[in-house]
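Here the structure is laid out as structure tokens; the discussion comes afterwards.
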Amino acid sequence: MIDIHIFEGCCTPGSNVMFDAMHRDRKTIFVDLLKWDVPVIGGQFEIDQFDGPQAIYLVATDDDEGHLGSIRLLPTCGPHILGDIFPQLCDGAAPAGTGIWEISRGCLSPRLRASERLHIRNALTSAAVDFALLHGITSYTCIADMGWLSQILALGWGCMPLGLPQTIGRTLTGALRIDIHGGTPNLLRDAGTYQRTRLVREQQGQRNAA
Numbered sequence: 001m002i003d004i005h006i007f008e009g010c011c012t013p014g015s016n017v018m019f020d021a022m023h024r025d026r027k028t029i030f031v032d033l034l035k036w037d038v039p040v041i042g043g044q045f046e047i048d049q050f051d052g053p054q055a056i057y058l059v060a061t062d063d064d065e066g067h068l069g070s071i072r073l074l075p076t077c078g079p080h081i082l083g084d085i086f087p088q089l090c091d092g093a094a095p096a097g098t099g100i101w102e103i104s105r106g107c108l109s110p111r112l113r114a115s116e117r118l119h120i121r122n123a124l125t126s127a128a129v130d131f132a133l134l135h136g137i138t139s140y141t142c143i144a145d146m147g148w149l150s151q152i153l154a155l156g157w158g159c160m161p162l163g164l165p166q167t168i169g170r171t172l173t174g175a176l177r178i179d180i181h182g183g184t185p186n187l188l189r190d191a192g193t194y195q196r197t198r199l200v201r202e203q204q205g206q207r208n209a210a
């Protein structure tokens, strides 16, 4: 079983080892590799305007608190990427509501081998489902390029495209709604992608099981 650390709100750079490692890997992947035009703080940390007190982070780490993978969850009742930056990816209005959250900044450590990437991806997916069921989240939305969209669809959960993919920059990109309900863990199990995780809430230097 892998521990998934839950952070409520963005930590100030330099205040948390796990959080700093996550933002460094986000900079490596999104800025250095993918060439996204997004902010970099202090030359090290990829932190954008949505990394604030409203964000929830699910972070997988190794035994030395090194970053293995992470995702960011944003409530759609407030600012979020699909509704505020890319609403054109939806045929209608971008889904929003108290039970709908957005998954963004999915990041796997560039140091992982292929088999490890699959393991961490599935662990984060399972943790996102478990977190949703614990907190009354009924749907996730997400934006991804076609490579990631095909992986998201293949995980086994119920997904619905929100519109036709469009070219953003040089990449064909689409938006999805992912429905979460009590049977979703079994859908992932049937697809071979569910992994048991332990959600560990990080709060004021203390760790508590969620």
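Numbering (UniProt numbering), first residue to last: 1 to 210.
Beta carbons: idealized from backbone N, C-alpha and C, even for Gly.
- Take residue 72, set aside five residues on each side of it, and the residues of its chain with a beta-carbon closer than 6 angstroms to its own are 55, 57, 104, 105, in chain order.
- Taking residue 197 as the centre and dropping the five residues before and after it, the same chain places the C-beta of 2, 4, 123, 126, 127 closer than 6 angstroms to its C-beta, in chain order.
- Looking from the CA of residue 77, the closest CA among 64, 94, 16 belongs to 94.
- By the Cβ criterion, the stretch 56-70 is not in contact with the stretch 81-94, since fewer than three pairs of Cβ atoms, one from each stretch, lie closer than 8 angstroms.
- Residue pairing for residue 160: DSSP places it in a beta bridge opposite 177.
- Listed in chain order, the non-local C-beta contacts of residue 112 below 8 angstroms within the same chain comprise 68, 69, 120, local neighbours out to five positions each way being set aside.
- Scanning its chain for C-beta atoms nearer than 8 angstroms, with the 5 sequence neighbours on each side dropped, one finds around residue 138 the residues 99, 100, 132, 179, 180, 181, in chain order.
- The continuous alpha helix (DSSP H) containing residue 83 extends over residues 81-84.
- As DSSP reads the structure, residue 126 sits in no beta bridge.
- Contact annotation, residue 26 with residue 159: C-beta distance approximately 24 angstroms; criterion of less than 8 angstroms not satisfied.
- Assignment of residue 149 by DSSP, reduced to helix, strand and coil, places it in the helix class.
- In terms of Cβ geometry, residue 172 and residue 145 form a close pair [threshold 8 angstroms].
- If you check the CB distance, residue 13 and residue 52 do not come in under 8 angstroms.
- Within the stretch 49-108, the complete beta strand (DSSP E) segments at least 3 residues long are 56-61, 67-75, 100-108, listed from N- to C-terminus.
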